Each structure stands twice: as structure tokens, then as C-alpha cells.
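*Asks:*
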Amino acid sequence: MFDDGTPIYRQIADQIKAEIMNGSLEPGGKVMSTNQYAAFYQINPATAQKAFRELVDEGILYKQRGVGMYVADDARDRLAADFRERFFERVLAPLVREARQAGIPLTDIIDYLRAQEGALQ
Amino acid sequence: MSFTVNLRGVSLRYGSEDALADIDLDLEAGKIYGLLGRNGAGKTSLLSLLAAFRKPTAGDVLVGGEPVWENAPIVSRVALIREGGDFDDSDSVKAVIEAGQIRPSFDTEYALKLAERFDLPLKKKVRDLSRGKRSVLAAVTGLAARAELTMFDEVHLGMDAPTRDAFYKELLAEYMDRPHTVILSTHLIDEVANYLEEVVIVDRGRLLRHADIEAFQGMGATLTGPADAVDALGLAALAEQRLGGTKSITVADALDAPTRERAAAAGIEIGPVGLQDLFIHLTDPERKAA
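Residue numbers (full-length UniProt numbering), protein chains in the order written: chain W, 1 to 121; chain B, 1 to 290.
1) Quick check on the DSSP output: the beta strand (DSSP E) that includes B/A221 runs from which residue to which?
2) When you compare the CB of W/Q42 with every CB in chain B, is at least one pair closer than 9 Å?
3) Against W/P7, what residues of chain D qualify as contacts under a CB-to-CB distance less than 7 Å, listed in chain order?
4) Would you decide whether B/G15 is buried or exposed? Buried here means 16 or more other CB atoms lie within 10 Å of its CB.
5) At which residues does the alpha helix (DSSP H) containing B/G132 begin and terminate?
6) Could you give the first and the last residue of the continuous beta strand (DSSP E) run that contains W/E85?
7) Got a sec, what are the start and stop residues for the alpha helix (DSSP H) B/A211 sits in?
8) Would you identify the three-state DSSP class for residue 341 of chain B, choosing helix, strand or coil?
9) Given that W/R97 touches chain B, what residues does it touch there, using C-beta distances under 8 Å?
10) Does B/N71 get closer than 9 Å to chain W when you measure Cβ to Cβ?
11) Alpha carbon to alpha carbon, how far is B/L275 from B/L255? Give it in angstroms, no decimals.
12) Provide the residue(s) that pair with B/T239 in DSSP beta bridges, ordered along the chain.
13) Quick one: Cα of B/V182 to Cα of B/V199, how far?
14) Would W/Q116 count as contacting chain B if we go by Cβ distances under 9 Å?
15) Check whether the Cβ atoms of W/Y9 and W/A48 lie closer than 9 Å to each other.
16) Does DSSP put W/K17 in a helix, a strand or coil?
17) Got a sec, what are the start and stop residues for the alpha helix (DSSP H) W/E54 sits in?
18) Got a sec: which bits of the UniProt domain "HTH gntR-type" (6 to 74) of chain W sit with their beta carbon under 8 Å from any beta carbon on chain B, in order along the chain?
19) Does the beta-carbon of B/F216 have 16 or more other beta-carbons within 10 angstroms, so that it is buried, or is it exposed?
20) Buried or exposed for B/L207, going by 16 or more other Cβ atoms inside 10 Å?
21) If the criterion is Cβ atoms closer than 9 Å, does the pair B/S135 and B/T44 meet it?
22) Between the beta-carbon of B/A252 and the beta-carbon of B/R242, is there less than 9 Å?
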């Protein structure tokens, strides 16, 4: 279920983000409790709590005291911006580096991307 | 209410041999700790001090803020469960469970429920139990003790994989139901990693590391790439391997951003180190003490 390299709490945070992006968690919707997460994934409740704390800090979730955690109304917009940033960092930056190592001119890559997008439309 | 643990300059000597030397350790109340170490590293000695089974040769052992040695009110709320349990072989399973009631917090109803769940034959004598069932009985008495500090010393050893899994599940459920301080001593790290909040590693009688589980998970890295480029990073390697012009090293510390960038630019692949591997490297006898 979890991979080795990334702390579990971050993987849970990422999963909640993915659920918000794909619509299975709606803005304003209630999120499962820390203990429910811990029991479901068989993890320490403090780990689940860390994931929630991170999402609250990022403005993705908000806490209703004594009631539970909810998805922020603008969570999807925030995540879209976040996703864009990570796309450049994780996908495009290595691509540019590898292309340089292989001696592939940037113009070839741009041509290829245009052709691919053309094929999608 | 659950117990804190504080060790101050603690040593334990058996004859001329140092089982533990100058240990300082603080554990907060209400967390699940993993106590890791090779065989003979001092895990059992450490837990024996916390349960007041032994008296330290030097230093202070505080549980719940009080010296634990000869402190009955504290000791009655501390449970140390050793593999195979400390049972009288001629007792029946039922008698062992009933004997647990000597502890005020012992929950007999819960113990019987667990016995049924784990398929423990109540009428059987302890001596007729398999090693696995004996470990299960030990685990059941530990869970049902409902102590403020519960320690399981390699209790999983006799259990098969599905039973271990069921035990960890039950432990987590009991912990969430009633948060208290738990110490799991083991060397099957990967199996329990997700249940832990903090990890303590002892090695050759000394405290080697104590940190959040996340710190351990992010701690090491493997770097694989052209040997020259890997060497040029100048990192202290715990272990290294060479295959032709390619070199792979394992480091114990998290890599900082500039190192990551330099490595990536030099075509070096960075991968995670599993906790089990990190533990093996950190406690390698060939390695000089950190």
C-alpha cells in the first residue's frame, strides 16, 4: 500500500488530495476521522494526524472544533496550482536535463509535444 | 493517564559485563515506540529496568516521573510481556488469565474475548501449548493488563505471520481506545513501522538513535551512478557496492537540496533505504560506533 521512500503521512496527504482532485471528496464534504484513517490503513493515529495537520496548514482542509475535518471550498483551485508547480518540477525539469545529456535539441522536443497535442485534439 | 519514561545516566552491569552503559532517554506519555536492536544489544535489559525486574547499577530510572524500583503503585501499572510469557507451565490457560487479575487494571472480560478470537484453548495446560499459542497467551495478558506502560519484548517471535498481523491490529485498536505508552521491541522493523510514532535504537548497550519514525524514513538514501561522480559527492557511506564503472552507496543521513541537485545533474539515481536495511547498516559490527 505504501512505498518506502516517502513518509506515510505525506502519502496519506497526497491520497486525500488525489481524492479531492478526482471528485470523490467534495468541497465542503466531511473527511474521515484520524482514528478511522488509522484503523483503515493500520497506522499510528499520530501519523494520520500529521497528514491532516499538513492539509490544514495548506488550506486544503479546515477543522470544525469538536465536529471534524472538512474539505475547503477552494481546495480544488489550490491543488490545481500546486499540481502545475509540481508538474514543472518533477516532470519537465528532469526531461530538460535528460534531453541535454542525450544531445536532443529543445526545438525537437517542442515539435514532438505539439504533434502529440495535435493528435489528442 | 499514561506513563512517561526517563532514564538518566543509566548503566546495568552483569558481573564484569556492561549490558547498558550510560543511557539517557526520555519518552513522552501516550505514544507507541519501537525499540530496535540486534540480539544482545540491550533491549531486554532496558525493558527489565523499566519494569523494575532489575535494579540499575548506576543512574535513575523514572516511570511516570517516579523512581520505579520497589515502587509498587507504579509497577502495578507497568506490564512487561516477554516472549513465551512468564508462566507456570502446570497452569491452565484459564488460570493464567485469572492470575492477571492481581493487577487492578486487568480486564478479564477483554482477555477472554481475545482468547476466543485467537483460538486459545482455556482448559489446556501451558506446557501443552505450541510455541505460537504460548506467545499469543503472553500477548493476550499484555493487552488485557490495560497498563499505563505496556512493553512487548519480541512477543511476536513465536507467532506466524497472520497471527502477528492480528496481534498488531488488536494492539492498535486497544491503543486508540485507550491511549497509553507502548514499547514494542523487535527486529522485524518493516512489519511494525507503520504502527510506531518514534523509534529508539540500542546497539552494544548504548543508545544509538532516538527519533520520529518519519525522521528514520527520510534518513537514509542510496545513490547509484558513475563511480567518479558518486565519489565526487564526498558523502560518508555506510555501505558501498561496485559493478564495473557504476557505484552504489548507502548513506545514513537525509540528503540536503544542493547535494540532491548535484547528484541529479551528474546522472546519479537517488533511492530510499528501507528501515530494515538502514537498521542493518547502522548496527553493523564492522562499523565504528557513531
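In this text, a Cβ means the ideal position worked out from N, Cα and C, and glycines have one as well. A quick note: this is a predicted structure, and the numbers were derived from the prediction, not measured.
*Replies:* For this structure:
1) 221 to 226
2) yes
3) Among the chains of the structure shown, chain D does not appear; the protein chains present are W and B.
4) Exposed, because fewer than 16 other Cβ atoms sit within 10 Å of the Cβ of B/G15.
5) 131 to 144
6) Run containing W/E85: none in the beta strand (DSSP E); it sits in the alpha helix (DSSP H), 75 to 87.
7) No alpha helix (DSSP H) contains B/A211, which is instead part of the beta strand (DSSP E) from 206 to 212.
8) What is shown of chain B runs 1 to 290, which leaves residue 341 of chain B out entirely.
9) A264, A265
10) no
11) Taking the straight line joining both Cα atoms gives about 16 Å.
12) The question names Thr, but residue 239 of chain B is Ala in the sequence shown. Beta-bridge pairing links B/A239 to B/T250.
13) Each residue's Cα considered, the two are about 12 Å apart.
14) no
15) A Cβ-Cβ contact shorter than 9 Å links W/Y9 with W/A48.
16) Shown here, W/K17 sits in a helix according to DSSP, grouped into three states.
17) Looking at the DSSP string, the run of the alpha helix (DSSP H) that includes W/E54 is 45 to 57.
18) Within the UniProt domain "HTH gntR-type" (6 to 74) of chain W, the qualifying residues are T6, P7, I8, Y9, N35, A38, A39, Y41, Q42, I43, N44, P45, A46, T47, K50.
19) buried
20) buried
21) no
22) no
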